[in-house]
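S.K.:
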Amino acid sequence: MTFFDVKNLTVKFGGLTAVDNVSFGINEGEVFTIIGPNGAGKTTLFNLISRLYTPSAGQIIFRDEDVTRLSAQQIAGRGIARTFQNIELFESASTLQNLLVGRHRHSTTRAWQDILRTKKVREEEVAHRRAAEEVMDVLRLQRYRDTTIGNLPYGVRKVIEVARALCVGPTLLLLDEPSSGLNVDETNAMAEWILEINRRLRVTVLMVEHDMSLVSRVSDRVLALNYGKMMALGTAAEVQGHPDVIAAYLGA
Amino acid sequence: MAHHVRTDYGDSDPLFPSKAAVFWYAVLIAGLIAAPYLLESYYLSQLVFIMIYAIVGVALNILSGQAGQVSIGHAAFLAIGAYFTAVAQKHGLPLVLYLPLAGVFTGIAGYLVGLPALRLHGIYLAIATLAFAFIVEEIIARWESVTNGNEGLMLPPPSLFGLKLGTEGFYYLCLLVTVLVVLAAINIIRSSTGRSFMAIRNSETAARSMGIDTARYKTTAFALSAGITGIAGSLYAHKMSFISPEMFSLSVSIDFVMIIIIGGLVSLRGAVFGAIFMIMADPLLIILKDKLPLWADVVTHGLYLPDTVTQAVQAGVSRVVNAPGLKSLIFGIIIIVFIIYEPLGLDGRWQRVKAYSKQFPLARQRSARPPRMFLKSERR
Chain A
1 MTFFDVKNLT VKFGGLTAVD NVSFGINEGE VFTIIGPNGA GKTTLFNLIS RLYTPSAGQI
61 IFRDEDVTRL SAQQIAGRGI ARTFQNIELF ESASTLQNLL VGRHRHSTTR AWQDILRTKK
121 VREEEVAHRR AAEEVMDVLR LQRYRDTTIG NLPYGVRKVI EVARALCVGP TLLLLDEPSS
181 GLNVDETNAM AEWILEINRR LRVTVLMVEH DMSLVSRVSD RVLALNYGKM MALGTAAEVQ
241 GHPDVIAAYL GA
Chain B
1001 MAHHVRTDYG DSDPLFPSKA AVFWYAVLIA GLIAAPYLLE SYYLSQLVFI MIYAIVGVAL
1061 NILSGQAGQV SIGHAAFLAI GAYFTAVAQK HGLPLVLYLP LAGVFTGIAG YLVGLPALRL
1121 HGIYLAIATL AFAFIVEEII ARWESVTNGN EGLMLPPPSL FGLKLGTEGF YYLCLLVTVL
1181 VVLAAINIIR SSTGRSFMAI RNSETAARSM GIDTARYKTT AFALSAGITG IAGSLYAHKM
1241 SFISPEMFSL SVSIDFVMII IIGGLVSLRG AVFGAIFMIM ADPLLIILKD KLPLWADVVT
1301 HGLYLPDTVT QAVQAGVSRV VNAPGLKSLI FGIIIIVFII YEPLGLDGRW QRVKAYSKQF
1361 PLARQRSARP PRMFLKSERR
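So the protein lines, in turn, are chains A and B. FYI, the numbering for the first sequence is 1 to 252, going by this note's numbering. FYI, the numbering for the second sequence is 1001 to 1380, going by this note's numbering.
Rendered as structure tokens:
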């Protein structure tokens, strides 16, 4: 079974080819990282996978299913959850509410049932709550449970966004620059959590990251992009030592 | 600060936050049940208007406060509910049937209006709903075979199970409907549907990435909001016992938006506060209009001012209080003041007063001030 495959993925914005014929596969259970200089097309690639953008050409296969033409909400329904580089939390709501939104794909009640608050709704609410609490347990977020996101510091929000994505119950988790804006301590904690999510919760992780120490610490394989094209694919050490990658970063 | 201690997952969003709340809501309901025996008929009638406006406020809270979609065309939904009621009653449908059906019928209209809303945001959506309101007003004025055009329709008094509802009976009907609508709205807000509305209001991109079908929930919000307004329209038609197109003009839609701006967009309580304000502002202004010249008289006489000055002041005061459009001016000023100084509305003020009394000797003004946000939300 193919777990996740990107085949010849291309997207053009006008004359700019932001992602150019990119192909790679992710094995179930690994941490796969995409690196590259600014403007390399990493986030665009993420947006293509989570279907916020529509590819001009190519295919995305997830668990033997072609998901290239699905809508963003269907992608989440298949078990692909994501975080955003600049944090897209629901700022007016509490941490708990945010996590409960993550549980959306597990709720089966319709609006009229919600209005009447039937037994089924009450049971599902308890199940959602339990799942959210379990995620908060793993990421140590209990103390922020009822705090409005707008009142929380950036570092905590970053973790909450990961927690919300986990509430989706993903088999593939997309993390867009999980360490951006975090200090050294917070980055270390984030690395631990990524490993814990990967090992303990058995979630496959695809991430975009700049911090090379974090990348080499958690990644099984690394893909380097530049100007939307693939430069190198291999272990962190292999990619870091690749002459094209060094040239792209240092400018040779 | 006191914190709630929760003991199980089932009570994460209880209907009543505390035992004290249960008590006070019981007192409120008891007071409202006793109201017909305590209040004179004028105030009872105002109370009915407050409840109708509160229902509309709840409807707008779901659409704007929860789902973040603007509408300045809600008078149209009120009109649809009202005319549906008039026509249904004429054809002999019983109240138990046409009251909910008015909600369903208007809800379907709201769903249809919600469809273009999928492609529109902010001010463009506001304009679209405004256009819809004009279209509905025009249709009602022209479709004479059903609506009797500009001459309007008379409604016989409502009857429930063959019993004619008098003033008191109708009051209790409104009370019952209001309570049910508020309960329904609370249930929606604390459910998966309500959280999806909240998600759409905050960030559509994130909502979609969480698997929320934004199109479906936006139309749901429109349908629900319109349906609730339709029910309010049904009650409104009976309250007025005569309906005509000009009763559902733009200014009524603006009144409805004012309900939630003055009351506060965040909570349902705000919708009720806003409704009380909008309805009671009128009689208060009338009282003021009567009393102001008297007060001016007392003041000028008290200061032993020369007669010419007294006369000039009296003439000035009476000119001001009798000026046409004074009410609009005052309302306009109030709205501006609210937007600048109390963006959370009367409900925000209420929350602060409550917090102050809870923390009494330790309360500081600064602790009640909402924190400033310098992140993304600020930039929007």
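By construction, the Cβ of each residue, glycine as well, lies at the ideal position given by its N, Cα and C atoms.
Distance, Cα to Cα, residue 1126 (chain B) vs residue 1210 (chain B)?
M.R.: Spanning the two alpha carbons is a distance of roughly 27 Å.
S.K.: What number of angstroms, rounded off, separates the C-alpha of residue 1240 (chain B) from the C-alpha of residue 1203 (chain B)?
M.R.: The alpha-carbon atoms of residue 1240 (chain B) and residue 1203 (chain B) are separated by roughly 41 Å.
S.K.: To the nearest angstrom, how far is it from the Cα of residue 179 (chain A) to the Cα of residue 192 (chain A)?
M.R.: So the two alpha carbons sit approximately 12 Å from each other.
S.K.: Assign residue 256 (chain A) to one of two classes, buried (16 or more other C-beta atoms within 10 Å of its C-beta) or exposed (fewer than that).
M.R.: Nothing about residue 256 (chain A) can be reported from this structure: the residues present for chain A run from 1 to 252 only.
S.K.: Let me know if residue 1002 (chain B) comes out buried or exposed under the rule of 16 or more other beta-carbons within 10 Å of its beta-carbon.
M.R.: Unreliable positioning characterises residue 1002 (chain B) in this predicted model, as indicated by a pLDDT of 49, which lies under 50. The coordinate reading is nonetheless provided below. The residue in question, residue 1002 (chain B), is exposed, as its Cβ has fewer than 16 Cβ neighbours within 10 Å.
S.K.: Keeping to the same chain, check which residues put their C-beta closer than 7 Å to that of residue 1058 (chain B); ignore five residues upstream and five downstream.
M.R.: Only 1181, 1182, 1185, 1228, 1268 and 1271 meet the Cβ criterion.
S.K.: Pull the bridge partners of residue 234 (chain A) from the DSSP assignment, please.
M.R.: In the DSSP output, where bridge partners are listed per residue, residue 234 (chain A) has A:222.
S.K.: So if DSSP puts residue 17 (chain A) in a beta bridge, which residue, or which two residues, is it bridged to?
M.R.: Partner(s): A:12.
S.K.: Are there 16 or more other CB atoms within 10 angstroms of the CB of residue 1029 (chain B), so buried, or fewer, so exposed?
M.R.: Exposed: under 16 other Cβ atoms inside 10 Å.
S.K.: Touching or not, the stretch 1146-1153 of chain B and the stretch 1237-1255 of chain B, by the rule of three or more beta carbon pairs under 8 Å?
M.R.: Cβ pair count under 8 Å is three or more, so yes.
S.K.: Would you kindly work out how many angstroms separate the C-alpha atoms of residue 1192 (chain B) and residue 114 (chain A), rounded to a whole number?
M.R.: One C-alpha to the other measures close to 7 Å.
S.K.: Can you name the residues that DSSP bridges to residue 204 (chain A)?
M.R.: Paired residue(s): A:172.
S.K.: Can you confirm whether residue 1187 (chain B), when its beta carbon is compared against all beta carbons of chain A, has any partner nearer than 7 Å?
M.R.: Taking Cβ atoms only, chain A reaches closer than 7 Å to residue 1187 (chain B), which makes this a yes.
S.K.: Just to confirm, does residue 1097 (chain B) get its C-beta within under 6 Å of one of the non-hydrogen atoms of the ligand ATP?
M.R.: Of ligands this structure carries none, so the ligand ATP is not represented either.
S.K.: Taking only beta carbons into account, state which residues of the stretch 97-109 of chain A come closer than 7 Å to chain B, listed in chain order.
M.R.: Within the stretch 97-109 of chain A, the qualifying residues are 97, 100, 101, 102, 104, 105, 107 and 109.
S.K.: Quick one: what's residue 1163 (chain B) bridged to in DSSP?
M.R.: B:1160, per the DSSP bridge assignment.
S.K.: Taking only the alpha-carbon atoms, compute the straight-line gap between residue 1188 (chain B) and residue 1225 (chain B) and give it to the nearest angstrom.
M.R.: In a straight line, the C-alpha of residue 1188 (chain B) is about 11 Å away from that of residue 1225 (chain B).
S.K.: From residue 188 (chain A) to residue 164 (chain A), what distance separates their C-alpha atoms?
M.R.: Going from the Cα of residue 188 (chain A) to the Cα of residue 164 (chain A) covers about 20 Å.
S.K.: If we cut at 7 Å on Cβ distances, does residue 238 (chain A) have a partner in chain B?
M.R.: No, no contact with chain B.
S.K.: So, is residue 1159 (chain B) buried or exposed, given that buried needs 16 or more other C-beta atoms within 10 angstroms?
M.R.: Looking at its Cβ environment, which holds fewer than 16 other Cβ atoms inside 10 Å, residue 1159 (chain B) is exposed.
S.K.: Can residue 56 (chain A) and residue 10 (chain A) be called in contact, C-beta distance under 7 Å?
M.R.: Their beta carbons are under 7 Å apart, which means residue 56 (chain A) touches residue 10 (chain A) by this criterion.
S.K.: Answer yes or no: does any C-beta atom of chain B fall closer than 7 Å to that of residue 62 (chain A)?
M.R.: Chain B, which has no Cβ nearer than 7 Å to the Cβ of residue 62 (chain A), makes this no.
S.K.: DSSP state of residue 62 (chain A), grouped into three classes?
M.R.: The answer is strand: DSSP assigns residue 62 (chain A) an E or B state.
S.K.: Any beta-carbon of chain E closer than 7 Å to the one on residue 129 (chain A)?
M.R.: Among the protein chains in the structure shown, which are A and B, there is no chain E.
S.K.: Quick one, which of A:15, A:17, A:19 and A:27 has its alpha-carbon nearest residue 1 (chain A)'s?
M.R.: Comparing Cα positions, the closest option is A:27.
S.K.: Of all the CB atoms in chain B, is at least one closer than 7 Å to the CB of residue 160 (chain A)?
M.R.: No, no contact with chain B.
S.K.: Please state whether the Cβ-Cβ distance between residue 68 (chain A) and residue 80 (chain A) is less than 7 Å.
M.R.: No, the Cβ-Cβ distance between residue 68 (chain A) and residue 80 (chain A) is not below 7 Å.
S.K.: Classify residue 1153 (chain B) as helix, strand or coil using the three-state DSSP reduction.
M.R.: DSSP places residue 1153 (chain B) in strand when its eight states are reduced to three.
S.K.: List, in chain order, every chain B residue whose beta-carbon is nearer than 8 Å to that of residue 138 (chain A).
M.R.: Residues of chain B passing the Cβ test: none, with the nearest at roughly 17 Å.
S.K.: Kindly indicate the opening and closing residues of the beta strand (DSSP E) around residue 31 (chain A).
M.R.: Its beta strand (DSSP E) spans residues 31-35.
S.K.: Kindly confirm or deny that the stretch 222-231 of chain A and the stretch 192-201 of chain A touch, where touching means at least three C-beta pairs closer than 8 Å.
M.R.: With the cut-off at 8 Å, the stretch 222-231 of chain A and the stretch 192-201 of chain A do not touch.
S.K.: The alpha helix (DSSP H) that contains residue 69 (chain A), what's its start and end?
M.R.: No alpha helix (DSSP H) contains residue 69 (chain A), which DSSP labels as neither H nor E.
S.K.: For residue 171 (chain A) and residue 204 (chain A), I'd like the C-alpha separation in whole angstroms.
M.R.: In a straight line, the C-alpha of residue 171 (chain A) is about 6 Å away from that of residue 204 (chain A).
S.K.: Where in the stretch 1315-1351 of chain B do unbroken runs of the alpha helix (DSSP H), each at least 4 residues long, occur, reported from the N-terminal end onward?
M.R.: Whole alpha helix (DSSP H) segments, 4+ residues: 1326-1341.
S.K.: Do residue 175 (chain A) and residue 83 (chain A) count as a contact pair if the criterion is CB distance below 7 Å?
M.R.: Yes.
S.K.: Helix, strand or coil: which one does DSSP assign to residue 1117 (chain B)?
M.R.: Three-state DSSP puts residue 1117 (chain B) in a helix.
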